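Reading through the structure tokens given below for one structure.
There are 2 protein chains.
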Amino acid sequence: MILAIDVGGTKMAAGLIARDGSVAASGRATTPQGADAETLWRTLADLVEPLSGEVEGVGVGCGGPMIWPDGEVSPLNIPGWRRFPLRARLTARFPGVPVRLHNDAACLAVAEHWRGAGQGSQAMLGMVVSTGVGGGLILNGRLVDGRTGNAGHIGHVVVEPERGSRCGCGGTGCLETVASGPALVTWALAHGWTPHPAPGDNRGRAGYREDRRVTARVLAADARDGNPVALRAMERAGRGLGVAIASATHLCDLDLVTIGGGLAQAGEPLFWPLEEALRQHARMGFARRVKVVPAALGQEAGLVGAAALLLAGDAYWGRTDA
Amino acid sequence: MILAIDVGGTKMAAGLIARDGSVAASGRATTPQGADAETLWRTLADLVEPLSGEVEGVGVGCGGPMIWPDGEVSPLNIPGWRRFPLRARLTARFPGVPVRLHNDAACLAVAEHWRGAGQGSQAMLGMVVSTGVGGGLILNGRLVDGRTGNAGHIGHVVVEPERGSRCGCGGTGCLETVASGPALVTWALAHGWTPHPAPGDNRGRAGYREDRRVTARVLAADARDGNPVALRAMERAGRGLGVAIASATHLCDLDLVTIGGGLAQAGEPLFWPLEEALRQHARMGFARRVKVVPAALGQEAGLVGAAALLLAGDAYWGRTDA
Numbered sequence: 007m008i009l010a011i012d013v014g015g016t017k018m019a020a021g022l023i024a025r026d027g028s029v030a031a032s033g034r035a036t037t038p039q040g041a042d043a044e045t046l047w048r049t050l051a052d053l054v055e056p057l058s059g060e061v062e063g064v065g066v067g068c069g070g071p072m073i074w075p076d077g078e079v080s081p082l083n084i085p086g087w088r089r090f091p092l093r094a095r096l097t098a099r100f101p102g103v104p105v106r107l108h109n110d111a112a113c114l115a116v117a118e119h120w121r122g123a124g125q126g127s128q129a130m131l132g133m134v135v136s137t138g139v140g141g142g143l144i145l146n147g148r149l150v151d152g153r154t155g156n157a158g159h160i161g162h163v164v165v166e167p168e169r170g171s172r173c174g175c176g177g178t179g180c181l182e183t184v185a186s187g188p189a190l191v192t193w194a195l196a197h198g199w200t201p202h203p204a205p206g207d208n209r210g211r212a213g214y215r216e217d218r219r220v221t222a223r224v225l226a227a228d229a230r231d232g233n234p235v236a237l238r239a240m241e242r243a244g245r246g247l248g249v250a251i252a253s254a255t256h257l258c259d260l261d262l263v264t265i266g267g268g269l270a271q272a273g274e275p276l277f278w279p280l281e282e283a284l285r286q287h288a289r290m291g292f293a294r295r296v297k298v299v300p301a302a303l304g305q306e307a308g309l310v311g312a313a314a315l316l317l318a319g320d321a322y323w324g325r326t327d328a
Numbered sequence: 007m008i009l010a011i012d013v014g015g016t017k018m019a020a021g022l023i024a025r026d027g028s029v030a031a032s033g034r035a036t037t038p039q040g041a042d043a044e045t046l047w048r049t050l051a052d053l054v055e056p057l058s059g060e061v062e063g064v065g066v067g068c069g070g071p072m073i074w075p076d077g078e079v080s081p082l083n084i085p086g087w088r089r090f091p092l093r094a095r096l097t098a099r100f101p102g103v104p105v106r107l108h109n110d111a112a113c114l115a116v117a118e119h120w121r122g123a124g125q126g127s128q129a130m131l132g133m134v135v136s137t138g139v140g141g142g143l144i145l146n147g148r149l150v151d152g153r154t155g156n157a158g159h160i161g162h163v164v165v166e167p168e169r170g171s172r173c174g175c176g177g178t179g180c181l182e183t184v185a186s187g188p189a190l191v192t193w194a195l196a197h198g199w200t201p202h203p204a205p206g207d208n209r210g211r212a213g214y215r216e217d218r219r220v221t222a223r224v225l226a227a228d229a230r231d232g233n234p235v236a237l238r239a240m241e242r243a244g245r246g247l248g249v250a251i252a253s254a255t256h257l258c259d260l261d262l263v264t265i266g267g268g269l270a271q272a273g274e275p276l277f278w279p280l281e282e283a284l285r286q287h288a289r290m291g292f293a294r295r296v297k298v299v300p301a302a303l304g305q306e307a308g309l310v311g312a313a314a315l316l317l318a319g320d321a322y323w324g325r326t327d328a
């Protein structure tokens with residue numbers, strides 16, 4: 007069995023994954039907010055304890071950035087870990103078994119390629135569109151690491167070169183500035199959108215404004231209901247996604263793009279303009295063949311991808327050091 | 007010895023390449039303009055004839071598009087070859103030895119990685135900026151083919167998503183619409199540039215307008231002399247290149263970009279705005295490390311890269327069929 011771990015800003019998950027990718031057991035814990043490094047580590051250690059019987063290897067997906075493949079992690083949304091030696095700590099806890107760690111978005115792409123919507127793809131980009139926009143690249147049937155393990159940052163492909171907004175990365179006009187959930191909500195509120203509470207929801211408008219994750223979902227629902235500002239926000243995001251996917255397709259000769267994450271649920275208001283922009287920009291024979299599909303795996307994709315770092319030969323782990 | 011062949015719209019070149027990448031013998035011929043498929047083939051066959059003694063393998067770089075790895079070629083600028091079975095014809099001419107064929111831009115990237123400015127790079131984009139803008143991607147130390155052998159099309163990364171010009175590929179706003187030699191010249195002429203003949207050149211302005219390859223070089227010279235329209239044209243191209251390189255760096259975690267082709271000679275007027283735009287958009291730690299350098303190999307790079315398809319183990323040829 008492989009012990010798989012998925013570390014995120016809101017939750018940590020762990021599971022035992024069999025050779026065929028099935029999840030034999032799993033658990034999750036809330037990531038303690040504002041905690042120091044050791045408190046965070048104890049939360050994780052307690053979570054994996056009941057799963058530690060017959061572990062043959064440990065695979066980890068973690069938010070970036072990180073020093074890779076060494077596995078010193080500094081997740082943007084876990085301030086208590088800065089250059090935390092997560093891989094070394096897990097190696098000390100599980101001596102004698104390999105520990106492999108990669109970016110969480112890379113693990114999600116790996117999961118889709120190994121057991122999800124990307125099976126058999128020679129050249130795939132697995133995307134996550136959520137509070138951020140990330141991804142993983144699988145080319146010639148293998149996970150691309152890049153020089154420092156950071157390949158797949160589709161969220162920072164530039165889609166508004168000259169008049170784009172400032173991005174969290176320090177640049178301007180990145181895809182993430184038009185297509186992430188918070189970016190969509192900020193744009194819609196600035197253009198007069200009033201969130202429309204769902205029936206039975208009693209928080210009112212102020213409550214929505216404070217909870218950015220919920221409001222992106224509300225925005226998507228309003229777009230499906232025909233709200234014109236919500237539709238324009240989704241159209242802007244969809245066009246940005248289509249342009250970035252066209253560029254990535256030309257550069258990497260992709261045959262498939264999978265899209266997961268919360269906004270992948272937005273449906274036609276997002277995917278129609280995405281397809282329109284993609285087909286407008288990707289015109290050469292090889293590029294017209296690219297398909298964009300929803301991710302097939304659900305909640306456990308992060309664990310499945312982390313386990314695949316060990317279970318899939320060297321397809322997703324080309325380093326010889328672990 | 008490897009017989010290397012480089013097929014382009016203006017010339018064909020062939021050479022015998024030793025295991026260390028040195029060129030033992032070579033020859034070139036003018037590509038017959040407007041010729042039919044068999045005339046083109048005879049030109050090539052005559053060119054390789056004196057080099058056909060002790061050939062252990064044949065490597066070919068050819069203008070795209072092509073059916074790959076089968077090697078049926080339809081070079082845009084050689085109208086007489088449409089789905090011409092170049093690889094099959096060479097296999098018939100050299101029975102019993104492997105014949106490998108790839109896009110010419112991929113071969114130039116391979117040459118720089120194998121023996122030029124890209125040696126040791128884990129994640130490199132080798133670019134050609136000339137009458138077109140092309141490239142080849144080398145990730146995890148290996149040439150990326152993509153689904154159909156077309157990876158590396160950096161010239162069709164979108165840098166002007168909304169108001170861009172129509173591109174030869176059918177899309178709009180591609181890098182090639184702002185950074186290729188002809189695009190630069192068209193833009194400069196439309197904005198009032200008058201080509202400034204070099205001393206001793208007696209063709210006058212009309213002659214320059216007709217010869218697009220020369221005028222891009224003249225434009226570069228005028229920019230270095232401080233002509234304001236020429237400088238703006240170079241700045242626009244340089245910024246486009248910088249934006250596209252930033253996007254490619256984020257997507258593929260590149261450590262190096264090499265730039266060859268005629269416009270790589272343009273110097274500061276092109277490279278200064280390129281660096282400025284790149285540094286403005288590529289701000290994350292891993293992306294700031296990317297270096298942009300001129301290609302190191304000269305005229306024979308195409309032959310060296312074609313030979314490397316066979317001489318470098320499976321680094322640049324992952325297929326098992328030849």
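Respectively, the protein sequence lines represent chains Y and X.
As numbered in our numbering, residues 7 to 328 make up the first sequence, in order.
As numbered in our numbering, residues 7 to 328 make up the second sequence, in order.
In this text, a Cβ means the ideal position worked out from N, Cα and C, and glycines have one as well.
In this text the structure is predicted, and so the values were computed from the model without any measurement.
Once DSSP output is grouped into helix, strand and coil, what is the label at residue i?
i: Y:F292; result: helix
i: Y:A302; result: coil
i: X:V150; result: coil
i: X:S253; result: helix
i: Y:R34; result: strand
i: X:R285; result: helix
i: X:D228; result: helix
i: X:R218; result: With a pLDDT of 46 at X:R218, under the threshold of 50, the modelled position of that residue is not reliable, and the figure given next carries that caveat. Looking at X:R218 - three-state DSSP - the assignment turns out to be helix.
Taking 9 Å as the cut-off, decide whether the C-beta atoms of residue i and residue j are in contact.
i: Y:G124; j: Y:A115; result: yes
i: Y:G65; j: Y:I8; result: yes
i: Y:N233; j: Y:W193; result: no
i: X:V61; j: X:V103; result: yes
i: Y:L131; j: Y:G141; result: yes
i: X:L82; j: X:L315; result: no
i: Y:V139; j: Y:S171; result: no
i: Y:A10; j: X:H162; result: no
i: Y:G266; j: Y:M133; result: yes
i: X:E281; j: X:G248; result: yes
i: X:A20; j: X:S32; result: yes
i: X:H256; j: Y:C180; result: yes
i: X:V164; j: Y:H287; result: yes
i: Y:V2; j: Y:H197; result: The requested residue 2 of chain Y is not part of the displayed model; chain Y covers only 7 to 328.
i: Y:L317; j: Y:L269; result: no
i: X:G122; j: X:V296; result: no
i: Y:A301; j: X:A157; result: no
Along chain X, in chain order, which residues have C-beta atoms closer than 7 Å to that of residue i?
i: Y:C175; result: R289, M290
i: Y:A314; result: By Cβ distance, chain X contributes nothing, its closest Cβ being about 17 Å from Y:A314, past 7 Å.
What does residue i reach in chain Y if we use C-beta pairs closer than 8 Å?
i: X:Q125; result: In chain order: nothing, as chain Y lies at least about 15 Å away.
i: X:T178; result: Q286, H287
i: X:C258; result: L143, V150, G152, A157, L257, C258
i: X:V249; result: V164, P167
Distance cutoff 9 Å, beta carbons only. Does residue i sit that close to anything in chain A?
i: Y:I160; result: In the structure shown, chain A does not exist; the protein chains are Y and X.
Quick one: list the residues of chain Y neighbouring residue i, beta-carbon separation under 9 Å, in chain order.
i: X:A318; result: In chain order: nothing, as chain Y lies at least about 15 Å away.
i: X:A129; result: V150, D151, G152, R153, T154, A157
Going by beta carbon distance, what residues of the same chain come within less than 7 Å of residue i, once the five residues before and after it are set aside?
i: X:D110; result: D12, G14, G67, C68, G69, G308
i: X:D24; result: Correcting the residue identity first, residue 24 of chain X is Ala in this sequence and not Asp. If we look at X:A24 and ignore the five residues flanking it on each side, its Cβ neighbours are M7, A30.
i: X:G291; result: none
Under 7 Å between beta-carbons, which chain Y residues line up against residue i? List them in chain order, please.
i: X:D261; result: R153
i: X:S253; result: V163, V164, S253
Kindly list the residues whose CB is nearer than 8 Å to the CB of residue i, restricted to its own chain and excluding five residues on each side of it in sequence; keep chain order.
i: Y:F90; result: A43, L46, W47, E78, V79, S80
i: X:V17; result: Checking the displayed sequence, the identity of residue 17 of chain X turns out to be Lys instead of Val. Around X:K17: R34, A35, T36, T37.
i: Y:F100; result: L9, S58, V61, V64
Could you name the residues of chain X that residue i contacts, counting a contact when the two beta carbons are closer than 8 Å?
i: Y:P91; result: None at all; the shortest Cβ gap to chain X is about 18 Å.
i: Y:G324; result: N146
Given residue i, which residues of its chain have a CB within under 6 Å of its CB, disregarding the five upstream and five downstream residues?
i: X:L331; result: Because chain X is modelled from 7 through 328, residue 331 of chain X falls outside the range shown and cannot be assessed.
i: X:R325; result: P75
i: X:R242; result: V184
i: Y:E306; result: V29
i: Y:L92; result: G77, V79
Residue i versus chain X: which residues are under 9 Å apart at the beta carbon?
i: Y:P71; result: M290, G291, F292
*Could I get the ranges of all uninterrupted alpha helix (DSSP H) runs contained in the stretch 38-111 of chain X, with 4 residues as the minimum, in chain order?*
Runs of the alpha helix (DSSP H) inside the stretch 38-111 of chain X: 43-54, 92-99.
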